[in-house]
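Residue numbers (the working numbering): 47 to 152.
Every residue, glycine too, gets a C-beta built ideally from N, C-alpha and C.
Model, not experiment: these values are computed from the prediction.
Data first, discussion second: the structure below is written as structure tokens.
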């Protein structure tokens with residue numbers, strides 16, 4: 047699913063939202079998530095999963111063409127860990143399980 051597919055799905059599911067409003071909503075959520083990760087925060091969405099930052103230490107790599115040693119600097123990379131409900135739903139191949147797990151408990 048692409049970003050534009052997500053916008054289209056949101057606009058189709060909620061008739062009161064115009065396509066432009068759905069696009070703004072998706073952009074706002076993704077920008078907020080990106081900003082939080084850049085600041086080093088963890089994002090947890092119950093029933094879906096969590097996003098965090100992993101640190102990759104500096105290391106020595108090899109240039110595959112010349113075989114020469116190359117210093118690779120430290121990196122911070124985003125990491126996604128799926129939640130239990132998403133893992134089980136993907137394994138079972140059903141969307142109903144995800145919706146049921148994400149529904150608020152009464």
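Inset, instruction - Taking all protein chains shown into account, decide if residue 68 is buried (16 or more other Cβ within 10 angstroms of its Cβ) or exposed. - result: buried
Inset, instruction - Might you give, ordered along the chain, the residues of its own chain that have their beta carbon closer than 8 Å to the beta carbon of residue 120, omitting 5 neighbours on each side? - result: 101, 102, 103, 104
Legend entry - Contact between the stretch 105-118 and the stretch 80-88 (3+ Cβ pairs under 8 Å): no
Inset, instruction - Sort 73, 53, 117 by Cα distance to residue 19 and report the nearest one. - result: Limits of the chain in this structure are 47 at one end and 152 at the other, which puts residue 19 out of reach.
Inset, instruction - Pull up the DSSP beta-bridge partners for residue 60, would you. - result: According to DSSP, which records beta bridges pairwise, residue 60 is partnered with nothing at all.
Inset, instruction - Specify, as a first and last residue, the run of the beta strand (DSSP E) that residue 102 falls within. - result: 95-102
Legend entry - When 122, 115, 47, 49 are compared against residue 98, the one with the closest alpha-carbon: 122
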